[in-house]
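Please read the structure below before turning to the comments.
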Amino acid sequence: MRQKTDTIAAIATASGRGGIGVVRLSGPDLDTFCSALLGFVPKPRLACYTPFIDGDGSLIDRGIALYFTAPHSYTGETVLELQGHGGVAVMQLLLQRCVALGARLAHP
Numbered sequence: 038m039r040q041k042t043d044t045i046a047a048i049a050t051a052s053g054r055g056g057i058g059v060v061r062l063s064g065p066d067l068d069t070f071c072s073a074l075l076g077f078v079p080k081p082r083l084a085c086y087t088p089f090i091d092g093d094g095s096l097i098d099r100g101i102a103l104y105f106t107a108p109h110s111y112t113g114e115t116v117l118e119l120q121g122h123g124g125v126a127v128m129q130l131l132l133q134r135c136v137a138l139g140a141r142l143a144h145p
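Numbered by our numbering, the letters in the sequence shown go through residues 38 to 145 in order.
The following block contains the structure:
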C-alpha cells in the first residue's frame, strides 16, 4: 500500500506504441523533482516546452511538462507529467532519473 509521503513514478503510456510517451510522478515533494529534472518549478496547470535534464546535466529529451498542485489534479495529489518522445529508451531514461532522485516505481 502506498504511503502519502511517497513520491511515485511510472510510464503512463504503452511501450513503443506512439510518438509521444508520458512519465507521471505523484507525491508531496515534487518541487525538488521539478528543479532537478527541469531546472525550475513550472507554473501550475500551464504546459511548458522544456529540456529534461539528467543527473550529470546532459539532455535526456525535450518535451512538455505539466504541473498540477494538490488538490487540483485528477488524483488530488501534486502531479508532474513529462511528455517526451515515445521511444522506449527515452521513457526508461526519464523513469530511471526519477528513481535516482528518490521516487519509487508505482505499482498497478
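Even for Gly, the Cβ is constructed at its ideal location relative to N, Cα and C.
query, result
"When P79, T112 and G121 are compared against Y104, the one with the closest alpha-carbon", "P79"
"Extent of the continuous alpha helix (DSSP H) run through T69", "L67 to L75"
"Candidates G76, Y86, G121 and G92, of which the one nearest D98 by Cα", "G121"
"C-beta atoms of A46 and V59 nearer than 8 Å", "no"
"Beta-carbon gap between L67 and I90 smaller than 8 Å", "no"
"Bridge partner(s) assigned by DSSP for P88", "R99"
"For L62: DSSP bridge partner residues", "A46 and L117"
"CA-to-CA distance, A49 to L140, given in whole angstroms", "In the sequence under discussion, the amino acid at residue 140 is Ala, which differs from the Leu named in the question. For A140 and A49, the distance between alpha carbons rounds to 15 Å."
"Alpha-carbon spacing of F77 relative to C71, whole angstroms", "6 Å"
"Continuous alpha helix (DSSP H) stretch holding A126: start and end", "V125 to A137"
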